[in-house]
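Under the numbering used here, the sequence shown has 32 at position 35, and the numbering climbs by one with no breaks. A virtual CB, placed ideally from N, CA and C, is assigned to each residue, including glycine. One structure is given here, and the rest of the page talks about it.
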Amino acid sequence: MHTLTKSAFAVIDIGSNSLRLVIFKELSRHPLKILDDSVMCRLGELDDQWNLKDENLSLSFETINRFKRICDTLKVKQIHTLATAAIRLAANKDVFLTYCKEQFGINVNVITGEEEAKLAANGVLSAFEKPHGIVADLGGSSLELTRMNKGRLCEKISLPVGPLNLNTYTTPSRKQDFLHKHLAAAKPLFTAPIDTLYLVGGSTRAIAKAYMEKERYPIEIIHGYEMTKAQAVDALSWLQSKNPEELAKLPPRVSRRKHLLPSAAQVINTLIESVNPKNITISGYGLREGFVFSLLTQEIKNEDILATSCHTLINFEQELTPLYHQLSAWAQPAVFHSSFDQDRYKRLLDAIAILNNIGWGAFQEYRAEYSFKKILHSPWIMCTHKERIIIALALFYRYDGKKKDLTLQPYLTLITPEEHLFAQTAGLIMRFYALLFDNIPATISLFSYQIYDKTLHIQAPPGLILEGRLKGLEKSFAKLLKLKLKFDFVE
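Here it is in structure tokens:
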């Protein structure tokens, strides 16, 4: 939970594959992300006349409307909206731009390929100390390349060789001919030996994530992951050998891009052949972070990112506001619907509400285990061991932890089945809150719920909720609370 000030601002990134909203607390060297949300709209899948498809336009307008309503609800006045290759290349882009202006009051900045390359390189510059080599930003419809010389941006080029473009070709040989033809234009960037190839973009992160899991790499965080050229080629060849059914079984963060991954792997593989780098580094920072970096003064840009990010981490928990009583009160009807002793468990629910965001500063895949261990090993939480385990488990489940993720059995032997059920129930309601409200307390007053007819009825204003995001919770509600979920949208 965070308190937003007038300094808060938003960036909406309209990409070829997904649309993303990021709300930053304030402009700084390492700005805190208050909200980070994305929806896959596939705008880059143009029709034969290079027009944006109606079904993708419809989903993108629904998404932008929701993003705008979130910003309005949180009183975020500064909204920077950037569009990349999909809108840049679309024959009917004026339809999209006019609709955004007239319906949402949003002026979309359609950036050029060279601007896109510069912003992606700025993103890498903002996250690494004097990067040296080639920055490659692989989007759905384009590949941007920038040569970096010890932190200085040099030559830049944008090529129409994204995986969506490649998917329009039916044979491997035609795809390869297409790639070689366009990459030939980038040869001037590769004349000097290349130390590091910095890979940016959702598909590159998904490929790295899949390979890290395959190799049982001990760190979950993707940003800063390094590979030798041989390791990268092995990862790409392994991924290209997968059929659609095998891709669908990969982790969700990877499988949601299964329609792009084989072609994305082919683009990167061909790029590595051309660049011949010594090492490959994955950057979690790209266009959006590069845009924010471009807004800074030179003095702030010169601040050391390692020291600044450490200060952000130290100060992070001070950003958690004492609005836990609102969350606890909101959660109580659902949690205590299961006939738990309210006199005994309300105090624990209050504690869970206070700590609800404790894992927010960690990377997504690590939040459940991070939160669990932090509660178990924090000397400043004054409670019995049983209470500590219950709170830790609730936060583990709040971040969608699964029993296979962590050996829970030694801890479960120390609490009763009822106490474990309470932890599961409280964790489920906290996760429900997080997905429903995007973890922003200012929106809690907009939603209410009632329980009757074995159903939890949620009253919500239209346009703020993506029901699909909550689908995964329906089985848990049925199992733990014996309730169905139903949305009633009211103005």
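A Cβ-Cβ contact shorter than 8 Å links Ala261 with Ser200.
Taking 8 Å as the cut-off, the Cβ atoms of Lys206 and Val158 do not count as close. Ranked by Cα distance from Ser442, the options Ala181, Tyr430, Gln421 and Leu18 are led by Tyr430.
Going by DSSP, Val197 is part of the beta strand (DSSP E) stretching over Thr193 to Val197. Within the DSSP secondary-structure output, Val8 pairs in a beta bridge with Val19 and His77.
Runs of the beta strand (DSSP E) lying entirely within the stretch 242 to 295 and spanning at least 3 residues, in chain order: 276 to 279. Between the alpha carbons of Ala88 and Ala389 lies a gap of roughly 53 Å. Taken atom to atom, the span from the alpha-carbon of Lys178 to that of Gly356 is near 46 Å. Looking at the DSSP output, Arg144 shares a beta bridge with Ile131. Within the stretch 380 to 462, complete alpha helix (DSSP H) segments of at least 4 residues are found at 382 to 395, 406 to 409 and 414 to 434, given in chain order. In the DSSP annotation of this structure, the continuous segment of the beta strand (DSSP E) that includes Lys30 starts and ends at Lys30 to Met37. Taking the Cα positions, Tyr367 is about 7 Å away from Ala359.
Counting every other CB atom within 10 Å of its CB across the protein chains shown gives Asp45 a total below 16, marking it as exposed. Excluding the 5 residues flanking it on each side, Thr267 has same chain C-beta neighbours closer than 8 Å at Gln173, Leu176, His177 and Leu180, in chain order. In the three-state DSSP reduction, Glu152 falls in the strand class (E or B). DSSP lists Leu453 as the bridge partner or partners of Leu482. Counting C-beta pairs with one atom in each stretch, the stretch 187 to 198 and the stretch 124 to 131 have three or more that are closer than 8 Å, which means they touch. Here Lys90 is buried. Its C-beta has 16 or more other C-beta atoms within 10 Å. The residue among Phe337, Tyr321 and Asp231 with its C-alpha nearest the C-alpha of Ile351 is Tyr321.
Taking a 10 Å sphere around the C-beta of Met427, we find 16 or more other C-beta atoms and assign the residue as buried. Per DSSP, Glu113 is one residue of the alpha helix (DSSP H) stretching across Gly110 to Ala124.
Sequence-distant partners of Ser445 (beyond 5 residues in either direction) whose C-beta falls short of 6 Å from its own C-beta, in its chain, are Gln456.
Taking each of Pro185, Met379, Tyr396 and Val332 in turn and checking the Cα distance to Leu418, the smallest one comes out for Val332. Here Asn162 is buried. Its C-beta has 16 or more other C-beta atoms within 10 Å. The C-alpha of Asp10 is placed about 18 Å away from the C-alpha of Leu43.
In its chain, beyond the 5 residues on either side, Ser200, Ala203, Ile204, Leu236 and Leu244 have a beta carbon closer than 7 Å to the beta carbon of Leu258.
With three or more CB-CB distances shorter than 8 Å, the stretch 278 to 286 counts as touching the stretch 215 to 222. The three-state reading of DSSP puts Asn162 in helix, counting H, G and I together. With respect to the C-alpha of Leu142, the residue from Glu99, Ala124 and Ile191 having the closest C-alpha is Ile191.
Under the three-pair Cβ rule at 8 Å, the stretch 76 to 86 counts as touching the stretch 100 to 112.
Taking the Cα of Pro241 as reference, the smallest distance to any Cα among Val230, Ala232 and His256 is reached at His256. Residue burial annotation: Asn14 is buried, with at least 16 other C-beta atoms found within 10 angstroms of its C-beta.
Between Gly120 and Gly287, the gap from beta carbon to beta carbon is short of 8 Å. By the C-beta density criterion, Ile84 is buried, having at least 16 other C-beta atoms within 10 angstroms. For Gly41, the closest alpha carbon among the candidates Lys74, Asn53, Leu116 and Lys153 is that of Asn53. Using a Cβ distance threshold of 8 Å, Leu24 and Ser4 count as a contacting pair.
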